[in-house]
Structures are given as C-alpha cells and as structure tokens.
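First comes the structure, then the notes that go with it.
2 protein chains.
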Amino acid sequence: MFLQIEPQSDVPIYMQLTQQIIEGIASGQLKPGEALPSVRSFAADLGVNMHTVNKSYHELEKKGIVRIIPKSGAVVAGPNELGATDVQLQQVEQMLRPVVAEGLVIGLGEQDLQQLMQKLIKNLS
Amino acid sequence: MFLQIEPQSDVPIYMQLTQQIIEGIASGQLKPGEALPSVRSFAADLGVNMHTVNKSYHELEKKGIVRIIPKSGAVVAGPNELGATDVQLQQVEQMLRPVVAEGLVIGLGEQDLQQLMQKLIKNLS
DNA sequence: CGATTTGTTATAATATATATAGAACAGAAT
DNA sequence: ATTCTGTTCTATATATATTATAACAAATCG
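Keeping their order, the protein sequence lines are chains B and F.
Heads up, the first sequence is in the UniProt record's numbering, so the first residue is 1 and it goes up one at a time.
Heads up, the second sequence is in the UniProt record's numbering, so the first residue is 1 and it goes up one at a time.
Here is the structure:
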C-alpha cells in the first residue's frame with residue numbers, strides 16, 4: 001500500500017493512517033476480506049511506532065470497518081458485515097454536519113455542495 | 001444564543017463552540033454584521049474559561065467567518081467579505097473528503113450521500 | 001473626563017492526548 | 001519448535017486543552 005504520513009501535520013498520525021486506509025478501501029486498493037499488514041511490519045514501513053498503527057486499527061474496528069482477530073491480525077470487513085448500520089450512518093451524519101454548516105456559511109449553495117461531493121466520490125472511487 | 005456545551009465530549013470545548021456558532025450563522029440565528037458576545041460574558045454564560053471562548057473566536061477568524069476588531073470584539077463577517085475564497089473552498093473539500101470516503105466504505109452510494117447532505121442542509125437552514 | 005468593558009498578553013498549573021521506546025507474554029501461524 | 005501475532009505494561013517526552021490569575025492598553029459608555 002502506498003500512503004503518505006506527515007508527522008508535522010496537525011492531524012494525529014493514527015488518524016492519518018485511519019483515513020488513508022479508509023480511502024484505500026473506498027478506492028478498491030484494499031478489498032473486503034483482505035488482511036492488513038501486521039502492526040509491526042506496517043510501523044516499520046511507515047517509520048512510526050507499533051502502538052500508533054495498533055491504535056489506528058482499533059479505531060477502524062470501532063468504526064466497524066475492519067475486524068480484528070485476536071493474536072492474529074486485522075482484516076477488512078466483508079460486504080456482509082459492512083452493512084451501513086444505523087450507528088454507522090449516524091456517525092457519518094455527525095461527521096458531515098459541521099462540514100455542511102461551514103460550507104453554507106462561506107456561501108456555498110446546495111448545488112455547490114452536491115457538486116463538491118460528486119467530485120470527491122469520483123476522486124475516491 | 002442557545003447552545004449546548006458538553007465538557008465530557010471527545011470534541012474540545014473550543015471546537016464545539018466554533019461549530020455551533022457556525023451552525024448559528026448558517027441557520028440565520030446569527031446574522032452577518034452582528035457582534036458576538038464578549039469573551040468574558042460568553043464564558044460566564046457557558047461556564048467555561050475566557051481563553052477557551054477566545055480560542056474559538058480566533059479559529060473562526062482563521063476560517064474567515066468572523067472579523068475581530070482589536071480591543072473591541074468579534075463580528076460575524078458580512079456577505080461581501082464572506083466570499084467563498086479558494087482557500088475556504090479547499091478547506092471545506094479537505095474536511096469533506098474523509099467523510100465521503102467513510103460513507104462509501106460503509107456501503108453508502110452517491111444517492112445516499114447526496115440525500116444525507118440534502119437532509120442536513122434543510123436541517124441547518 | 002472618568003469608569004467600565006474590551007481583547008490581549010503573560011505566567012502558571014493541571015489534565016489529557018499523542019507518540020515513542022522497550023520489554024514481556026500468550027496465542028496463532030508456519 | 002520457532003517465528004510472528006496482537007496484547008499488555010511501564011516509562012518518557014511532547015503537545016494540546018482547560019482553567020486560573022493578573023495586568024495592560026485600547027475601546028466604549030455614561
């Protein structure tokens with residue numbers, strides 16, 4: 001996997017990891033059922049600490065995006081278990097809310113926002 | 001202004017403030033040109049520290065949403081100065097990106113996401 | 001003008017979050 | 001049986017968040 005970590009960013013490393021793994025899944029570079037690298041090897045690749053990768057994996061598990069098999073590893077959730085739970089939908093809505101609000105305030109209309117989203121969807125798929 | 005601060009939240013207080021003020025502007029409860037409460041009185045109302053409110057105001061200024069008049073106060077930016085700068089648009093896009101990615105991963109389609117956004121726009125306006 | 005209010009600045013203290021390091025352990029994989 | 005896995009623990013360093021005071025100069029108001 002080809003991902004870029006910026007230690008200087010205001011976004012914590014473990015979050016950068018989480019987001020880029022999610023983008024990797026969205027774009028199909030990571031397929032459902034596929035195993036993620038071990039926390040140790042991944043950490044070595046990225047030049048970060050093992051625990052930082054581990055934290056990201058557990059955040060992904062909390063989001064219901066990966067399944068962690070104890071003492072074994074992390075696996076991208078399959079489409080069966082990846083079912084857009086009410087909780088997950090609510091989470092995305094909660095994330096989207098401040099973004100939409102700020103967009104509206106700086107003068108974006110419904111069409112602008114829809115267009116921006118469409119652009120991102122194409123860019124991520 | 002009627003806003004709810006949750007000190008226990010994982011979202012920092014100053015960010016909660018920032019987001020809710022933005023929502024207040026989006027919904028018209030706060031009008032362009034209107035002055036925000038003084039950092040002291042607002043802090044007293046909310047039961048938080050003066051500096052926490054001050055931090056939120058400066059974050060809003062950085063976003064180009066309010067204008068800070070030195071030694072005087074913070075004012076909601078007018079529609080003239082609130083012009084959807086390229087920088088601001090890029091910022092919103094950067095905020096939107098991980099949200100869309102996560103939405104796609106949990107199985108939401110373009111229509112689902114558009115619908116969710118539409119719902120939020122109505123809810124915020 | 002005089003008093004109050006304003007943001008600003010500085011210092012300090014505390015708590016939490018982030019990140020790294022090293023070690024040890026028990027279960028899984030080979 | 002050996003290696004690899006996540007897990008757990010201790011420890012440390014840094015950054016962020018929040019509160020608490022205090023003081024100051026500029027703006028505001030009576």
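Every residue gets a Cβ at the ideal spot worked out from N, C-alpha and C, and that includes glycine.
Rounded distance between the beta-carbons of residue j and residue i, thought under 8 Å
i	j	result
Y57 (chain F)	L36 (chain F)	7 Å
V53 (chain F)	L60 (chain F)	About 11 Å; that fails the 8 Å criterion.
E93 (chain B)	L120 (chain F)	7 Å
S77 (chain B)	L108 (chain F)	Note that residue 77 (chain B) corresponds to Ala in the displayed sequence, not to Ser. Going by Cβ atoms, the distance from A77 (chain B) to L108 (chain F) rounds to 15 Å, so no, they are not a contact pair.
Q19 (chain B)	P98 (chain F)	5 Å
I5 (chain B)	Q16 (chain B)	6 Å
E102 (chain F)	I21 (chain B)	Contact flag wrong, Cβ pair sits at about 11 Å.
L89 (chain B)	M117 (chain F)	With 8 Å as the limit, L89 (chain B) and M117 (chain F) do not qualify as a contact, their Cβ atoms being about 13 Å apart.
K55 (chain F)	Y14 (chain F)	4 Å
Within chain F, the residues that residue i reaches when beta carbons sit closer than 9 Å
i	result
E93 (chain B)	L116, K119, L120
A35 (chain B)	The premise fails here: A35 (chain B) is roughly 17 Å from chain F at the closest Cβ pair, so nothing lies under 9 Å.
residue 130 (chain B)	Nothing about residue 130 (chain B) can be read from this structure; chain B reaches only from 1 to 125.
I65 (chain B)	E102, V105, I106
L3 (chain B)	Per Cβ cutoff of 9 Å: no residues; L3 (chain B) is ~13 Å from chain F at best.
Opposing strand residues paired with residue i [DSSP bridges]
i	result
G73 (chain B)	B:I69
A35 (chain F)	F:V75
Extent of the continuous alpha helix (DSSP H) run through residue i
i	result
T18 (chain B)	13-26
V99 (chain B)	86-105
E59 (chain B)	50-62
I121 (chain B)	110-124
Residues that residue i contacts on chain F, provided the C-beta gap is smaller than 7 Å
i	result
G103 (chain B)	V92
V100 (chain B)	M117, L120, I121, L124
I68 (chain B)	What I68 (chain B) touches in chain F: nothing, since even the nearest Cβ is about 16 Å away.
Residue from the options with nearest C-alpha to residue i
i	options	result
V100 (chain B)	F:D86, F:S125, F:D112, F:V105	F:S125
G33 (chain B)	B:L89, B:A74, B:Q114, B:N123	B:A74
D45 (chain B)	B:E110, B:M1, B:V105, B:M95	B:M1
L96 (chain F)	B:N49, B:S38, B:Q115	B:Q115
I106 (chain F)	B:N49, B:K122, B:V48, B:P79	B:P79
V39 (chain F)	F:Q29, F:K31, F:I68, F:K63	F:I68
Q91 (chain F)	B:L104, B:V87, B:D86, B:Q91	B:L104
V48 (chain F)	F:Q8, F:Q111, F:E110, F:N123	F:Q8
Cross-chain neighbours of residue i in chain B, by beta carbon under 9 Å
i	result
residue 127 (chain F)	With chain F represented from 1 up to 125, any question about residue 127 (chain F) goes unanswered, as that position is not in the structure.
I22 (chain F)	P98, A101, E102, L104, V105
Per-residue contacts from residue i into chain B (C-beta, under 7 Å)
i	result
Q88 (chain F)	I106
R97 (chain F)	L120
A84 (chain F)	I106, G107, L108
Neighbouring residues, chain F, relative to residue i (Cβ below 8 Å)
i	result
L46 (chain B)	Ordered by position in chain F, no residue passes the 8 Å Cβ test against L46 (chain B), which lies about 18 Å from the chain.
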